[in-house]
Structures are given as structure tokens and as C-alpha cells.
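Here the structure comes first, spelled out in C-alpha cells, and everything after it is commentary.
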Amino acid sequence: MDKKEFDAIIKQPPNIRYDYFIKKVVDYEEVWGLYNDGWATAKDEEDNLLIPFFPKKVFAENCAEKEWAAYEAKLLGLDEFIEKWLTGMKKDGIKPSIFPTEVNTAVVSIDVIIKDLETELENY
Numbered sequence: 001m002d003k004k005e006f007d008a009i010i011k012q013p014p015n016i017r018y019d020y021f022i023k024k025v026v027d028y029e030e031v032w033g034l035y036n037d038g039w040a041t042a043k044d045e046e047d048n049l050l051i052p053f054f055p056k057k058v059f060a061e062n063c064a065e066k067e068w069a070a071y072e073a074k075l076l077g078l079d080e081f082i083e084k085w086l087t088g089m090k091k092d093g094i095k096p097s098i099f100p101t102e103v104n105t106a107v108v109s110i111d112v113i114i115k116d117l118e119t120e121l122e123n124y
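In this text, residue positions in the sequence shown follow full-length UniProt numbering: the first is 1, and each later residue adds one.
Structure follows, in C-alpha cells:
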């Protein structure tokens, strides 16, 4: 991915980045997180715990700054993400932060993410 494409995607609003996330993670069957002796987390304005996820390694690496500077991009397979991560996060009350940037993120319910991923998977 060249810088022009990267910049164009990263500047999109959260809903467009969310759609991009769904398409790319299904296309490549991989999801990226940030890891350093545990997964990177954040909190929303209501103090809910969030775990950030990204569609490509380059986007995860871009967010590995400030409080996440010591974190590295780590790969999750799509099946593992759906069956283990999303299911476990729902049970634990943790929300996914989909494709966050310095400016904003998409926080979508786990049921919606699973439905959107399954719908996109039907296209393959």
C-alpha cells in the first residue's frame, strides 16, 4: 500500500473505515491487534473497556504510538477473531474498537460485527 492510499483511507470517517475493515478482513482472512505482554486497550467516555482491531498490519503499526508505543502489530486469523475473540469479548463485556485513528473510532456491537462479517463471507 502506498502512502497516498494509506492517507486516503486513514482520513475517512469511522463508518467508511468500518466498511473497509469488514471487506479487508474477510478478503485477507486476518485481523490485526496491538500486543505487548497483553493486548492494547482503551476506554470510551462511559469507561467501557475497548480492544482496538485493524484490517491491515500497517494501520495497527500506525497506532502504535503514545501510550501504545511499546506495542507491536500481532496477527489474528479471521476464524479465531470471530469464534474466540468476539464471543469472549461479548461474554466479558469488552467492546471492539474497529480501525481507530488519533481522531476517532467505530465502536460497533459484537452482534453487528459478526453479522456483517458473515454477510461479507457469503460473497466468497
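Heads up, the beta-carbon is just placed ideally off N, CA and C, and yes, glycines get one too. Source: prediction; values computed, not measured.
Inter-residue Cα distance where the pair is residue i and residue j
{"i": "D7", "j": "K57", "result": "15 Å"}
{"i": "D111", "j": "E46", "result": "20 Å"}
{"i": "N15", "j": "E83", "result": "24 Å"}
{"i": "W68", "j": "Y124", "result": "35 Å"}
{"i": "V107", "j": "L50", "result": "8 Å"}
{"i": "I10", "j": "K91", "result": "30 Å"}
{"i": "G38", "j": "E122", "result": "33 Å"}
{"i": "Q12", "j": "I114", "result": "22 Å"}
{"i": "L78", "j": "F59", "result": "17 Å"}
{"i": "S109", "j": "E5", "result": "28 Å"}
{"i": "K24", "j": "M89", "result": "21 Å"}
{"i": "V26", "j": "P55", "result": "9 Å"}
Own chain, CB closer than 7 Å to residue i, minus 5 neighbours either side, in chain order
{"i": "E61", "result": "A73"}
{"i": "Y35", "result": "Y71, E72 and K74"}
{"i": "A42", "result": "L50, P52 and S97"}
DSSP state of residue i mapped onto helix, strand, coil
{"i": "E120", "result": "helix"}
{"i": "E30", "result": "strand"}
{"i": "V107", "result": "strand"}
Contacting residues, own chain, Cβ-Cβ under 8 Å from residue i (five flanking each side not counted)
{"i": "L75", "result": "E30, V31, W32 and K57"}
{"i": "L86", "result": "P96, I110, I113 and I114"}
6 Å CB neighbourhood of residue i in its chain, flanking five on each side removed
{"i": "N104", "result": "P14"}
{"i": "D116", "result": "I22"}
Residue i - containing alpha helix (DSSP H), residue span
{"i": "G6", "result": "Rather than Gly, the amino acid found at residue 6 in this sequence is Phe. Here the alpha helix (DSSP H) through F6 covers K3 to I10."}
Worksheet entry | Residue ranges of each beta strand (DSSP E) within the segment 34-95, 3 or longer | 49-53 and 72-77
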